[in-house]
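If you use the numbering used here, the sequence shown closes out at 541, no skipped numbers anywhere. Contents: one structure, followed by commentary.
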Amino acid sequence: MIQHLINIQKNIQEIKSIIPKNVVLVAVSKFQSIEKIMQAYNAGHRDFGENYVQELSEKYEQLPKDIRWHFIGHLQSNKIKYIAPFIHLIHGVDSFKLLQEINKQAVKNNRIISCLLQIHIAKEETKFGLSFDEAEKILMSDELKKLNNIKILGLMGMATNTDDTEQIKKEFLSLKQFFDKMKQIIQNENVAMQILSMGMSNDYNIAIDCGSNMIRIGTSIFGERPKK
Ligand SMILES: *Cc1c(COP(=O)(O)O)cnc(C)c1O
Numbered sequence: 314m315i316q317h318l319i320n321i322q323k324n325i326q327e328i329k330s331i332i333p334k335n336v337v338l339v340a341v342s343k344f345q346s347i348e349k350i351m352q353a354y355n356a357g358h359r360d361f362g363e364n365y366v367q368e369l370s371e372k373y374e375q376l377p378k379d380i381r382w383h384f385i386g387h388l389q390s391n392k393i394k395y396i397a398p399f400i401h402l403i404h405g406v407d408s409f410k411l412l413q414e415i416n417k418q419a420v421k422n423n424r425i426i427s428c429l430l431q432i433h434i435a436k437e438e439t440k441f442g443l444s445f446d447e448a449e450k451i452l453m454s455d456e457l458k459k460l461n462n463i464k465i466l467g468l469m470g471m472a473t474n475t476d477d478t479e480q481i482k483k484e485f486l487s488l489k490q491f492f493d494k495m496k497q498i499i500q501n502e503n504v505a506m507q508i509l510s511m512g513m514s515n516d517y518n519i520a521i522d523c524g525s526n527m528i529r530i531g532t533s534i535f536g537e538r539p540k541k
C-alpha cells in the first residue's frame, strides 16, 4: 500500500456519509503516527481508539486534550492507572476483577469511567471476551452495585475473521439479541445499556445492519497499519 496516497480526511468523510447518524465512528489509530492522527483531528474527528497502554499514554500527552480516547485492546489490571485520568471509554472489559480495578483507579481520580463488556462471539479461540452467561452474571450481580465509579454503557464484540458473511451476521445478531435482553432486564444504577460496539473495516456494514451503534475503523481510514 502506498501510504502517501491515502487521504484520511476523505476516507472519514466517506464513511460518515454512508453510516446512520446514530452510529459513532471510532478511528482506530494504533501504530499510526501523530501526524496522521492530526490529519483526522483537523478534519473534525475526535473519537480515536488505541490498543496499547503505553502507546496511548504517549499519544495522549502529545495530542489535543479534547480527543475522546477509546481503549479497545486487552487491558491489564496493573496498567489501568496510566489511562484512568483521561480515558473516555474502555471497550474490552472481560472480567469482574478488572471492573473492580477500574473502579479503584476511577475513585483515585475522582471520576466515573465508562466501560463496555467484551463478549466472545467469534469462532476463533484467540479472541478475548466473556460468554453470554458470564456477562449476564456480572450484570446481574449485587457486587456490581457497589462499584459506583464505573458505568457499564454496553457491549463490544468482534466477529470471526472470515469471508462468510452469513457467519459474521449470525455472530453480530447474537450479540444484538443479548444486548436487547440485558437492556430489558438489568436494574442497576451502574449499568445503562446504550452502546453496542461492533464492526471493523471489513464488516462494519454488516454490523450496522445488525444493530451496531459504534464502529471501530482503522485500515479503511488510515490505510494498512505500519508493522511494529
Ligand atoms: C485494530 C482493531 C480494530 C480496527 O481494525 P481495522 O480492520 O483496521 O478496521 C478494531 N477493533 C479492535 C478491537 C482492534 O484491535
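Ideal Cβ placement from N, Cα and C applies to all residues, glycine included.
Asked: heavy atom of ligand 1 below 7 Å from residue 473 C-beta; Found: no
Asked: Local conformation of residue 455 per DSSP, three classes; Found: coil
Asked: Reduced DSSP category for residue 314 - H, G, I as helix; E, B as strand; rest coil; Found: Residue placement at residue 314 is poorly supported in this model, since its pLDDT is 49, which falls under 50; the coordinates still yield a value, given next. The answer is coil: DSSP assigns residue 314 none of H, G, I, E or B.
Asked: Straight-line gap, residue 314 to residue 421 (C-alpha atoms, nearest Å); Found: Low confidence applies here, because residue 314 scores a pLDDT of 49, under 50, leaving its location unreliable; read the following figure in that light. Computed Cα separation, rounded: 44 Å.
Asked: Inside the stretch 336 to 391 only - beta strand (DSSP E) runs reaching at least 3 residues; Found: 337 to 341, 360 to 363 and 381 to 384
Asked: Extent of the continuous alpha helix (DSSP H) run through residue 505; Found: Counting along the chain, residue 505 falls outside any alpha helix (DSSP H), though it belongs to the beta strand (DSSP E) covering 504 to 511.
Asked: Cut-off 8 Å between Cβ atoms - residues of its own chain near residue 441, not counting five sequence neighbours on either side; Found: 387, 405, 407, 431 and 433
Asked: Reference residue 515, options 362, 531 and 527, closest by Cα; Found: 531
Asked: Closer than 7 Å: residue 319 CB and nearest ligand 1 heavy atom; Found: no
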